[in-house]
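Numbering (UniProt numbering), first residue to last: 1 to 510.
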Amino acid sequence: MPQNPEKIQDHVELFHQPEYKELFERKREFEKGHSQEEIDRVAEWTKSWEYREKNFARETLTVNPAKGCQPLGAIYAAAGFEGTLPFVQGSQGCVAYFRTHLTRHFKEPFSAVSSSMTEDAAVFGGLNNMIDGLTNAYSLYKPKMIAVSTTCMAEVIGDDLGAFIGNAKNAGAIPEDFPVPFAHTPSFVGSHITGYDNMLKSILANLSEGKKGKSNGKINLIPGFDTYVGNLREIKRIAELMGVDYTLLADNSDYVDSPNDGHFNMYQKGTKLEDAADACNAKATISLQKHSTLKTCDFINKTWKQEVTLSSPWGIRGTDEFLMQLSELSGKPIPAELEEERGRAVDAMTDSHAWLHGKRFAIYGDPDLVYGVTSFLMELGAEPVHILVHNSSKEFEKDMQGLLDSTEYGKGGTIWGGKDLWHMRSLLFTEPVDFMIGNSYGKYLERDTKIPLIRIGYPIMDRHNLHRYSTIGYQGTINLLTWVVNAIFEEIDRNTNIPSKTDISFDLIR
Ligand code: SF4
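This is how it looks when you write it as structure tokens:
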């Protein structure tokens, strides 16, 4: 149906036009679906304990997953390095999904190429696609490094990336000394955080080969699969305030948050390749996300023979620990400016904690983020009830249980590892909570259960600019507190908006 070019309508308005209403009505007739009574009856039943048991007995079906696939994380890691082009050996559709997923979160273009494998590659293997793809990518986009990952298709066929890249170099597709780190990223195991870890490790291994020498005295800081641009900037700000000589591995903050100056720059800053290569000579490494950097940290520890410290700088305690680790490893004192920031964060928490104390939360998302959010909430006396991590692991569950056991506020919390958001729906209906914290996909749970959603995590596609804020450090603590406490006030206002009926006290001040 034609749109009026003078007044282009968003789909929110467009689908309310009579022609669309008629179309939907006809569709319903054509489908000959169940009666409304039957739909309502089943919908009601799906809220019961009986249905919850059936839902949790589910083994081979995922509904509304709370995770992405491996190559998405791999291309995100690659984008943190200067002049690097993420290249995916596999089908175009997968790469379109990764790019749009990241673009919808950051509202920024995300460049990644694919070798466009189709049926012939599925039968004969993807070597020719790799040779042609590398030739074109190198000559068209002029990168300094190409980072290769795979989709399910290339993994099922069994494409050998190391051999293929070697063959492509022999065929003259790219120069012999051109860096092409690669990571096999099969999506039928792991998730986007596994892909991130695999690719980061591969890039560091490739660039640092033969570079081990004298100590450069620096500290490596690894943010992990962190989609809060503000967090990367916060880490750099803290290190600079302390006068710490550091290398951020890797820094994609400018790539996913570039200034609009009228020019498209495919490669926005990022960690310099020579700095990444020299990272093997650092004094020590701190990873700020244990569970998205397991293999990378193991590699740094075993191959670079470097001390690796894990940190989770969420809330006051987490930030205190991070600053003390950084201070100890670098020999630099914590400046008064950061102490003042700490005081301000503690003051803000003192002002607001009464509103959070005793509130019950459901939290879902990636392991490191969920761990940080839970730790922050418990500092305020809030109670995590359902902790759902689809891409969980035994190690994460052990860490999380340790955190829950560390305070009385964690006693009522249950960790639901490997479960999806349809499981979460059953949990919310059978054991309701006051608030939910997670990514945009929870909006359908909010609609169903009427439990308000506070958007913290990845992806957030239906609210703007949240990714620009920090969630870590003292400043991030204040941001988190602001989002959570104001969501509580909005809920109170929503429930007390009928004068002299639900609004008895005309309360303006909270
Ligand atoms: S799960 Fe596999 S097929 Fe699906 S988008 Fe990811 S890589 Fe492609």
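Idealized CB from N, CA, C, for every residue including glycine.
Computed from a predicted model, the values in this text were never measured in an experiment.
For residue i and residue j, what's the separation of their Cα atoms in angstroms?
| i | j | result |
| --- | --- | --- |
| Tyr469 | Asp257 | 12 Å |
| Met242 | Gly315 | 19 Å |
| Ile157 | Gly125 | 7 Å |
| residue 511 | Tyr196 | The question about residue 511 has no answer, for the chain in this structure spans 1 to 510. |
| Trp355 | Asp368 | 25 Å |
| Leu329 | Asn216 | 13 Å |
| Phe81 | Val95 | 19 Å |
| Glu408 | Leu310 | 25 Å |
| Leu481 | Ala239 | 23 Å |
| Leu85 | Tyr255 | 12 Å |
| Cys152 | Ala173 | 24 Å |
| Glu274 | Leu207 | 8 Å |
| Arg117 | Trp416 | A small correction: the amino acid at residue 117 is Met; Arg does not occupy that position in the sequence shown. Spanning the two alpha carbons is a distance of roughly 37 Å. |
| Asn64 | Tyr444 | 10 Å |
| Glu38 | Gly372 | 43 Å |
| Lys67 | Leu61 | 14 Å |
| Glu431 | Pro459 | 26 Å |
| Glu383 | Met436 | 12 Å |
| His11 | Asn167 | 49 Å |
| Ala163 | Thr150 | 14 Å |
| Trp483 | Pro452 | 12 Å |
| Trp49 | Val42 | 13 Å |
| residue 546 | Asp251 | Residue 546 cannot be examined here, being either before or after the span of the chain that is shown, 1 to 510. |
| residue 539 | Asn465 | Any property of residue 539 remains undetermined from this structure, which presents the chain solely from 1 to 510. |
| Phe15 | Lys21 | 7 Å |
| Trp304 | Lys212 | 8 Å |
| Val148 | His263 | 27 Å |
| Thr374 | Ile509 | 28 Å |
| Asn260 | Lys269 | 14 Å |
| Glu19 | Gly33 | 21 Å |
| Trp45 | Asn479 | 39 Å |
| Glu370 | Asp405 | Here residue 370 is Val; the residue named in the question, Glu, does not match the sequence. In a straight line, the C-alpha of Val370 is about 16 Å away from that of Asp405. |
| Lys283 | Arg99 | 36 Å |
| Glu339 | Pro313 | 15 Å |
| Met392 | Tyr364 | For the record, residue 392 in the displayed sequence is Ser; it is not Met. So the two alpha carbons sit approximately 11 Å from each other. |
| Ala345 | Glu337 | 13 Å |
| Phe376 | Pro5 | 49 Å |
| Ser115 | Glu13 | 39 Å |
Going by DSSP, name the residue or residues bridged to residue i.
| i | result |
| --- | --- |
| Val88 | Ser114, Ser149 |
| residue 559 | No answer is possible for residue 559: it lies beyond the span of the chain, which begins at 1 and ends at 510. |
| Phe81 | Thr271 |
| Glu307 | Ala284 |
| Arg220 | One point to set straight first is that residue 220 is Asn, not Arg, in the sequence displayed. Looking at the DSSP assignment, Asn220 forms a beta bridge with Thr247, Thr285. |
| Val389 | Gly417 |
| Leu453 | Met436 |
| Asp503 | Pro499 |
Our contact map puts residue i next to residue j with C-beta atoms below 8 Å; I'd like the distance itself, whole angstroms only.
| i | j | result |
| --- | --- | --- |
| Ser253 | Arg233 | 6 Å |
| Asn439 | Gly457 | 4 Å |
| Val385 | Ala348 | 25 Å between Cβ atoms; not a contact. |
| Asn301 | Lys214 | About 20 Å separates the two Cβ atoms, so there is no contact after all. |
| Ala78 | Met266 | The pair is not a contact, with the Cβ atoms about 13 Å apart (cut-off 8 Å). |
| Pro223 | Leu326 | Wrong, their Cβ atoms sit about 14 Å apart, outside the cutoff. |
| Ala112 | Val88 | 6 Å |
| Ala74 | Ile131 | No, Ala74 and Ile131 are not in contact; Cβ-Cβ is about 21 Å, not under 8 Å. |
| Val433 | Ser352 | About 19 Å separates the two Cβ atoms, so there is no contact after all. |
| Gly190 | Gln70 | 5 Å |
| Ile219 | Ile286 | 7 Å |
| Glu341 | Gln475 | 6 Å |
| Asp298 | Ile193 | Not a contact, Cβ separation roughly 15 Å. |
| Met461 | Arg104 | 4 Å |
| Gly90 | Met145 | Between Met145 and Gly90 the Cβ distance is about 19 Å, and since that is not below 8 Å, they are no contact. |
| Thr296 | Leu204 | 7 Å |
| Gly358 | Gly381 | 6 Å |
Legend entry - Every unbroken beta strand (DSSP E) inside the stretch 4-66 [3 residues or more]: none
Legend entry - Minimum length 3: unbroken beta strand (DSSP E) runs contained in the stretch 222-277: 246-248
Inset, instruction - Check whether the stretch 238-254 touches the stretch 181-189, counting contact only when three or more Cβ pairs, one atom from each stretch, lie closer than 8 Å. - result: no
Inset, instruction - Decide if the stretch 396-411 is in contact with the stretch 466-483; the criterion is three or more beta carbon pairs, one per stretch, under 8 Å apart. - result: no
Inset, instruction - Could you pull out every unbroken alpha helix (DSSP H) segment of at least 4 residues lying fully inside the stretch 158-225, listed in chain order? - result: 161-170, 192-208
Inset, instruction - Pair every Cβ in the stretch 222-230 with every Cβ in the stretch 316-326, then say whether three or more of these pairs are closer than 8 Å. - result: no
Legend entry - Stretch-stretch touch, CB-based, cutoff 8 Å, three pairs: the stretch 485-495 with the stretch 135-151: no
Inset, instruction - Would you check if there are 3 or more beta carbon pairs closer than 8 Å linking the stretch 411-427 to the stretch 50-59? - result: yes
Legend entry - 4 or more residues per run - each alpha helix (DSSP H) lying fully within the stretch 311-381: 315-330, 336-356, 367-379
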